[in-house]
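This report concerns only the one structure given below.
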Amino acid sequence: MTTRIHFTASEAELAQKALAVLTGRYGMVELDQAEVVVALGGDGFMLQTLHAIQGRDLAVYGMNRGTVGFLMNGYSETGLTERLAAAEETVINPLRMRAIRADGSIHEALAINEVSLLREGPQAAKLRIHVDGKMRMAELVCDGALIATPAGSTAYNYSAHGPILPINSEVLALTAIAPFRPRRWRGALLPKAAQVEVEVLNPERRPVMADADSRSVRHVVRVQIRSAQDVRHRLLFDRGHGLEERLLREQFV
2 MTTRIHFTAS EAELAQKALA VLTGRYGMVE LDQAEVVVAL GGDGFMLQTL HAIQGRDLAV
62 YGMNRGTVGF LMNGYSETGL TERLAAAEET VINPLRMRAI RADGSIHEAL AINEVSLLRE
122 GPQAAKLRIH VDGKMRMAEL VCDGALIATP AGSTAYNYSA HGPILPINSE VLALTAIAPF
182 RPRRWRGALL PKAAQVEVEV LNPERRPVMA DADSRSVRHV VRVQIRSAQD VRHRLLFDRG
242 HGLEERLLRE QFV
């Protein structure tokens with residue numbers, strides 16, 4: 002049985018060459034006729050693709066034509082139909098960010114990997130953290146802080162010395178970026194259903210920006226983050242090489 006595939010590719014030369022080869026070999030249908038989307042590029046392009054097809058309930062199978070390719074499968078010009086038929090599916094939920102700026106405007110976005118708050122100026126940010134309406138930290142002095150999903154826990158979160166989370170764990174990682182006070186704070190693991198609110202202290206002198214998967218909002222004074230459990234993203238991986246295995250393997254390298 003022929004699989005109706007919609008291919009999409011990053012602007013990178015390697016990805017565009019792969020697009021030409023694969024569409025010539027397997028054909029291509031429009032997105033509204035597709036059974037599956039094959040994304041050619043790196044992890045950043047995979048995130049773009051998932052955001053772009055949100056709400057279509059289509060699974061995405063990535064093939065690495067980028068750099069790291071943590072969310073991608075290996076590239077091959079042959080056997081794609083068979084690989085798609087045998088692939089295992091992982092369903093992930095993004096985070097919903099609601100950022101309130103100093104001028105009172107409200108900006109909302111979804112983040113598959115993480116929502117981060119980052120200092121905009123030369124001085125450290127001062128943040129106050131609330132979880133489910135209760136203040137948990139009166140003042141965190143840092144370059145920033147982030148909330149990461151299990152799928153995003155090996156990205157910016159891991160670089161900031163946050164924990165790698167099993168893909169099916171019902172938790173989120175709250176990780177400080179270069180914390181100064183409390184000096185030894187190692188972050189926290191939060192229930193997936195937790196409602197997190199980060200308040201920016203002294204925002205005029207210590208401005209902060211919020212970022213959801215590279216979509217940024219400047220001069221925020223308050224950011225609310227929670228898991229968007231009503232939004233589902235479906236990823237396909239070669240059998241035996243799914244996200245659960247990749248996250249486990251990443252902890253032993």
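Under the working numbering, the residue at position 187 of the sequence shown is numbered 188, and the numbers go up by one with no gaps. Glycine is no exception: its CB is placed at the ideal position from the N, C-alpha and C atoms.
Run of the beta strand (DSSP E) containing residue i, from where it starts to where it stops
i: aspartate 231; result: Counting along the chain, aspartate 231 falls outside any beta strand (DSSP E), and DSSP gives it neither H nor E.
i: tyrosine 62; result: 60–65
i: histidine 162; result: Here histidine 162 belongs to no beta strand (DSSP E), and DSSP marks it neither H nor E.
i: threonine 4; result: It is not in any beta strand (DSSP E) - threonine 4 carries neither H nor E in the DSSP assignment.
i: histidine 131; result: 126–132
i: histidine 242; result: Unbroken run through histidine 242: none, as it is neither H nor E.
i: valine 38; result: 37–42
i: glutamate 137; result: Per the sequence shown, residue 137 should be read as arginine rather than glutamate. First-last of the beta strand (DSSP E) with arginine 137: 135–143.
i: valine 172; result: 172–178
i: valine 197; result: 197–201
Exposed unless 16 or more other CB atoms sit within 10 angstroms - verdict on residue i
i: methionine 136; result: exposed
i: glutamate 31; result: exposed
i: methionine 2; result: Caution is warranted here: a pLDDT of 47 is assigned to methionine 2, below 50, making its placement in the model unreliable, and no coordinate value can be reported.
i: leucine 249; result: exposed
i: glutamate 58; result: For the sequence presented, residue 58 should be read as aspartate rather than glutamate. Its Cβ having fewer than 16 others within 10 Å, aspartate 58 is exposed.
i: asparagine 169; result: exposed
i: isoleucine 208; result: Here residue 208 is proline; the residue named in the question, isoleucine, does not match the sequence. Its Cβ being crowded by 16 or more others within 10 Å, proline 208 is buried.
i: glycine 241; result: exposed
i: glycine 75; result: exposed
i: glutamate 115; result: buried
i: alanine 194; result: exposed
i: serine 160; result: exposed
9 Å Cβ cutoff met for residue i and residue j
i: methionine 101; j: valine 197; result: As written in the sequence, residue 101 is isoleucine, which differs from the methionine given in the question. Going by C-beta atoms, isoleucine 101 is not nearer than 9 Å to valine 197.
i: threonine 91; j: glutamate 245; result: yes
i: leucine 156; j: isoleucine 178; result: Per the sequence shown, residue 156 should be read as alanine rather than leucine. No; because the gap between Cβ atoms is not below 9 Å, this pair is not in contact.
i: threonine 68; j: glycine 43; result: yes
i: alanine 88; j: tyrosine 62; result: yes
i: arginine 5; j: arginine 97; result: no
i: isoleucine 93; j: isoleucine 107; result: no
i: asparagine 158; j: proline 167; result: no
i: proline 123; j: leucine 111; result: no
i: histidine 293; j: aspartate 104; result: Because the chain here runs from 2 to 254, residue 293 falls outside it and cannot be looked at.
i: isoleucine 41; j: leucine 72; result: The amino acid occupying residue 41 in the given sequence is leucine; isoleucine does not appear at that position. For leucine 41 and leucine 72, no; Cβs fall outside 9 Å.
i: alanine 16; j: arginine 66; result: yes
i: alanine 60; j: arginine 235; result: yes
i: proline 192; j: tryptophan 186; result: no
i: alanine 19; j: glutamate 78; result: yes
Limits of the alpha helix (DSSP H) - the one that residue i falls within
i: alanine 258; result: Since the first residue shown for the chain is 2 and the last is 254, residue 258 is missing from the structure and cannot be characterised.
i: threonine 82; result: 81–87
For residue j and residue i, believed in contact at Cβ under 8 Å, the rounded distance
i: proline 204; j: valine 218; result: Incorrect: roughly 13 Å between the Cβ atoms, too far for contact.
i: methionine 64; j: valine 37; result: About 12 Å; that fails the 8 Å criterion.
Is there contact between the segment 137–146 and the segment 83–91, where contact requires at least three CB pairs shorter than 8 Å? no
Given 8 Å as the limit, is there contact between the segment 117–136 and the segment 209–217, that is, 3 or more CB pairs closer than that? yes
Measuring CB atoms only, is the segment 146–160 touching the segment 172–188, in the sense that at least three cross pairs come out at less than 8 Å? Yes, the segment 146–160 touches the segment 172–188.
With a cut-off of 8 Å, do at least 3 Cβ pairs link the segment 12–27 to the segment 50–61? no
With three or more beta-carbon pairs closer than 8 Å as the criterion, would you say the segment 126–135 touches the segment 228–239? no
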